Amino acid sequence: PPKRAPAPPAPTEPSPTLPPPVPALPADGERPRLSRELRRVDLTNATFHFRHDDGGAFGPVEFARTALLLRARCIGPREWVAINGSDWLRACEVPALVALAPEVFEDEAERPLLDGPLSRVAIPSLFHHIRTAGLDGKLKLTRGTVQKEIYFDRGQPLLVQSNLKDELLGAYLIGRGLASPEEVDDALAKSADPRHPLGDALVDAGVMTADALTAALHEQHRARILDVFTWDTGWYELFGGIMPPEHAKLTPAPVSDLIAEGIRTHYDLPLLRHIFADHLDRAIVATRDAIDRADDIALTEVERDLGRAIASFGTLRELVVGAELNEPQELAVLRTAFALHQTDHLAFRGRGVEPAA
Numbered sequence: 368p369p370k371r372a373p374a375p376p377a378p379t380e381p382s383p384t385l386p387p388p389v390p391a392l393p394a395d396g397e398r399p400r401l402s403r404e405l406r407r408v409d410l411t412n413a414t415f416h417f418r419h420d421d422g423g424a425f426g427p428v429e430f431a432r433t434a435l436l437l438r439a440r441c442i443g444p445r446e447w448v449a450i451n452g453s454d455w456l457r458a459c460e461v462p463a464l465v466a467l468a469p470e471v472f473e474d475e476a477e478r479p480l481l482d483g484p485l486s487r488v489a490i491p492s493l494f495h496h497i498r499t500a501g502l503d504g505k506l507k508l509t510r511g512t513v514q515k516e517i518y519f520d521r522g523q524p525l526l527v528q529s530n531l532k533d534e535l536l537g538a539y540l541i542g543r544g545l546a547s548p549e550e551v552d553d554a555l556a557k558s559a560d561p562r563h564p565l566g567d568a569l570v571d572a573g574v575m576t577a578d579a580l581t582a583a584l585h586e587q588h589r590a591r592i593l594d595v596f597t598w599d600t601g602w603y604e605l606f607g608g609i610m611p612p613e614h615a616k617l618t619p620a621p622v623s624d625l626i627a628e629g630i631r632t633h634y635d636l637p638l639l640r641h642i643f644a645d646h647l648d649r650a651i652v653a654t655r656d657a658i659d660r661a662d663d664i665a666l667t668e669v670e671r672d673l674g675r676a677i678a679s680f681g682t683l684r685e686l687v688v689g690a691e692l693n694e695p696q697e698l699a700v701l702r703t704a705f706a707l708h709q710t711d712h713l714a715f716r717g718r719g720v721e722p723a724a
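So for the sequence shown, this note's numbering puts the first residue at 368; every next one is plus one.
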């Protein structure tokens with residue numbers, strides 16, 4: 368039977384406002400180990416700050432909330448932590464943190480079914496492959512200290528866990544004007560009990576309705592996945608047979624929608640020109656009928672018409688240059704061509720290489 372991940376508590380977070388810039392991070396070989404004085408500190412009364420390699424500090428966070436964030440995988444094992452103003456350390460080097468949630472710091476028990484480097488080209492095709500193969504399991508994505516885990520059931524994502532602090536629920540609601548910082552702070556003060564998470568506290572306070580909270584959670588879920596389409600580097604691993612906690616499942620976000628939206632939102636003209644630089648003069652392999660049958664990618668009617676137009680030309684250069692497209696038109700054509708190529712509805716024949724990463 369499929370293994371089920373331990374049920375995480377609903378994460379809570381401090382106010383998402385960030386303090387002034389913090390000191391530079393030390394190199395791994397140069398930073399001090401956990402000091403003897405810090406080992407003797409009662410961490411249940413300590414305050415914590417967290418940060419990624421390229422971000423500002425998040426905190427202060429008291430011990431109880433740190434435990435909730437850690438168990439919900441909102442803190443990663445290689446994330447930086449400062450305790451009571453100490454030097455920056457890796458979270459995995461603090462025994463008290465490891466003891467709170469050992470499963471966060473343990474190596475995966477199984478070898479991955481799939482693994483490899485991430486790039487802007489690899490991401491859409493990876494999601495498409497998981498969908499078309501109907502794969503189950505946990506897709507682990509890492510980029511430096513950033514980590515996301517996406518649970519799939521028959522190729523569709525059910526849950527996303529992320530250690531990016533601006534993707535926590537409080538920050539998400541504030542960023543979209545669904546709650547004020549003061550309302551989130553008040554709700555957090557009432558949500559220290561893991562059985563009464565932030566969202567429920569906001570509903571109880573009348574800040575939002577239960578239906579609005581459910582909609583926000585689904586949109587937060589989509590946003591966490593769509594952010595992956597901005598990753599230029601990283602590593603992915605797909606571990607089969609691991610399902611999310613039953614209570615944590617959300618309505619699946621269709622991969623066909625996510626791929627199309629991710630490309631529309633995060634792939635600009637300079638990037639697409641780079642991707643297709645070696646493909647402009649290669650023969651297009653596609654038919655109008657194949658474009659019409661492309662129901663596993665959520666194209667708009669305008670994009671589908673563009674796909675039919677692309678299929679009727681011999682090369683991309685004939686379309687882009689020969690038709691004298693302006694930049695917005697060129698962007699629309701290249702986005703559509705990229706979406707069709709990444710979902711196996713369009714190919715190229717002749718000399719050249721696969722799209723550049």
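We put the CB at the ideal spot given by N, CA and C, even for glycine. From a predicted model like this one, the values you see are computed outputs, not experimental measurements.
Spatial neighbours of V595 in its chain, beta-carbon cut-off 7 Å, leaving aside the 5 residues before and after = The residue given as residue 595 occupies position 228 in the sequence shown. Cβ within range, chain order: I490, L508 and K515.
DSSP state of K773, grouped into three classes?
-> Lying before the first or after the last residue shown, residue 773 is absent from the chain, which here runs from 368 to 724.
Under the three-state DSSP convention, the category V389 falls into = As a first step, residue 389 is located in the sequence shown; it is residue number 22 there, counting from the start. Confidence at V389 is low in this model, with a pLDDT of 48, below 50, so its placement is unreliable and the value that follows should be read with caution. V389: coil per DSSP, three-state reduction.
Of the residues L410, F519, V428 and V700, the one placed nearest R671, counting alpha carbons only = Walking along the sequence shown from the start, residue 671 turns up at place 304. Of the candidates L410, F519, V428 and V700, the one whose C-alpha sits nearest the C-alpha of R671 is V700.
Bridge partner(s) assigned by DSSP for F415 = Against the sequence shown, residue 415 aligns to sequence position 48. Partner(s): V428 and I450.
Secondary structure of R640, DSSP reduced to three states | Locating residue 640 in the sequence shown gives position 273, counting from the first residue. Three-state result, R640: helix.
Secondary structure at G355, three-state DSSP: helix, strand or coil?
-> No statement about residue 355 is possible, as the shown extent of the chain runs from 368 to 724 and does not include it.
Under the three-state reduction of DSSP, which class applies to P564: helix, strand or coil?
-> Numbered from 1 along the sequence shown, position 197 holds the residue referred to as residue 564. Coil.
Report yes or no: do three or more beta-carbon pairs, one from the segment 617 to 624 and one from the segment 682 to 694, lie closer than 8 Å?
-> no
Cβ distance (whole Å) where A678 is taken to contact I651 below 8 Å = For the purposes of this step, residue 678 is taken as the residue at position 311 of the sequence shown. For the purposes of this step, residue 651 is taken as the residue at position 284 of the sequence shown. Contact flag correct, Cβ pair sits at about 7 Å.
How should G504 be labelled, buried or exposed, when 16 other C-beta atoms within 10 angstroms of its C-beta is the threshold for buried?
-> For this step, residue 504 is matched to residue 137 along the sequence shown. Its Cβ being crowded by 16 or more others within 10 Å, G504 is buried.
Thinking C-alpha only, which one of F705, D662 and P695 is nearest L683?
-> As a position in the sequence shown, residue 683 is number 316, starting the count at 1. L683 has its Cα closest to that of F705, out of F705, D662 and P695.
Considering F715, what are the terminal residues of the beta strand (DSSP E) in which it resides?
-> To locate residue 715, count along the sequence shown from 1; it is residue 348. Segment A714 to R716, the beta strand (DSSP E) holding F715.
Rounded separation between D421 and C441 - CA only = Residue numbering aside, residue 421 sits at position 54 when the sequence shown is read from its first letter. Residue numbering aside, residue 441 sits at position 74 when the sequence shown is read from its first letter. Distance between the alpha carbons of D421 and C441 is about 17 Å.
If you check the beta carbons only, do G443 and T499 fall under 9 Å apart?
-> Within the sequence shown, residue 443 is the residue found at index 76, counting from 1. Within the sequence shown, residue 499 is the residue found at index 132, counting from 1. Result no, Cβ atoms of G443 and T499 do not sit closer than 9 Å.
Between Y603 and L506, which are expected to be in contact by the criterion C-beta below 8 Å, what is the C-beta distance as a whole number of angstroms?
-> Taking the first residue of the sequence shown as position 1, residue 603 is located at position 236. Taking the first residue of the sequence shown as position 1, residue 506 is located at position 139. Right, the Cβ-Cβ distance comes to about 6 Å (below 8 Å), so this counts as a contact.
What three-state label does DSSP hand A690 in the structure shown?
-> For the purposes of this step, residue 690 is identified with residue 323 of the sequence shown, where counting begins at 1. Coil.
Of all the beta strand (DSSP E) runs that stay within the bounds of the segment 644 to 673, which reach a length of 3 or more residues?
-> 650 to 652
Between the Cα of P611 and the Cα atoms of H416, W455, G483 and F519, which residue gives the shortest distance?
-> Counting from one through the sequence shown, the residue named residue 611 turns up at place 244. The shortest C-alpha separation from P611 is found at F519.
First through last residue of the beta strand (DSSP E) which encompasses Y603 | Locating residue 603 in the sequence shown gives position 236, counting from the first residue. Where Y603 is concerned, the enclosing beta strand (DSSP E) stretches over W602 to F606.
Three-pair Cβ contact test at 8 Å for the segment 444 to 452 versus the segment 482 to 496 | no
Ordered along the chain, which non-local residues of its own chain (more than five positions away) have a Cβ less than 6 Å from that of R589?
-> As a working note, residue 589 is residue 222 in the sequence shown. Around R589: A620.
Check whether L535 and G566 have beta carbons under 9 Å apart | Indexing the sequence shown from 1 puts residue 535 at position 168. Indexing the sequence shown from 1 puts residue 566 at position 199. Against a cut-off of 9 Å, the Cβ pair of G566 and L535 comes out as no contact.
DSSP beta-bridge partners of E516 = Locating residue 516 in the sequence shown gives position 149, where the first residue counts as 1. BP columns for E516 point to K507 and Q528.
Measuring alpha carbon to alpha carbon, tell me which of R660, A644 and V551 ends up nearest G573.
-> Here residue 573 refers to the residue found at position 206 when the sequence shown is read from its first residue. Considering only alpha carbons, the answer is V551.
Straight-line gap, Q528 to L580 (C-alpha atoms, nearest Å) | Your numbering for residue 528 matches position 161 in the sequence shown. Your numbering for residue 580 matches position 213 in the sequence shown. Roughly 18 Å separates the two Cα atoms.
Buried or exposed: which applies to T667, given that a residue is buried once 16 or more other Cβ atoms fall within 10 Å of its Cβ?
-> By one-based count along the sequence shown, residue 667 stands at place 300. Exposed, because fewer than 16 other Cβ atoms sit within 10 Å of the Cβ of T667.
Residues near W447 in its chain [Cβ-Cβ closer than 8 Å; skip 5 each side] = Taking the first residue of the sequence shown as position 1, residue 447 is located at position 80. For W447, where only same-chain residues beyond five positions count, the Cβ hits under 8 Å are L392, F417, R418, H419, D420, W455, L456, R457, A458 and T512.
Grouping DSSP H, G and I as helix and E and B as strand, with all else coil, what is I609?
-> Position 242 of the sequence shown, counted from the first residue, corresponds to residue 609. Reduced to three states, the DSSP call for I609 is strand.
Taking the DSSP output, what are the residues bridged to G457?
-> Numbered from its first residue, the sequence shown carries residue 457 at position 90. Per the sequence shown, residue 457 should be read as Arg rather than Gly. Per DSSP, W447.
Excluding sequence positions up to five away, which residues of its chain have a Cβ less than 6 Å from the Cβ of F472?
-> Mapped onto the sequence shown, residue 472 falls at position 105. Cβ neighbours of F472 beyond the five flanking positions: P444, C459 and V465.
Please confirm whether E477 and G607 have their CB atoms less than 9 Å apart.
-> For the purposes of this step, residue 477 is taken as the residue at position 110 of the sequence shown. For the purposes of this step, residue 607 is taken as the residue at position 240 of the sequence shown. For E477 and G607, yes; Cβs fall inside 9 Å.
Use the C-beta contact count for T703: other C-beta atoms within 10 angstroms, 16 or more gives buried, fewer gives exposed.
-> On the sequence shown, residue 703 is found 336 positions in, with the first residue counted as 1. By the 10 Å Cβ count, T703 comes out buried.
Using 10 angstroms around the beta-carbon of R543, count the other beta-carbons present and answer buried if the total reaches 16, otherwise exposed.
-> By one-based count along the sequence shown, residue 543 stands at place 176. R543 comes out exposed.
Taking 9 Å as the cut-off, decide whether the C-beta atoms of L410 and A468 are in contact.
-> By one-based count along the sequence shown, residue 410 stands at place 43. By one-based count along the sequence shown, residue 468 stands at place 101. No, these two residues do not count as a Cβ contact at 9 Å.
Given a cut-off of 9 Å, decide if R649 and R675 are closer than it, judged by their beta-carbon atoms.
-> Against the sequence shown, residue 675 aligns to sequence position 308. Against the sequence shown, residue 649 aligns to sequence position 282. Not closer than 9 Å, so no.
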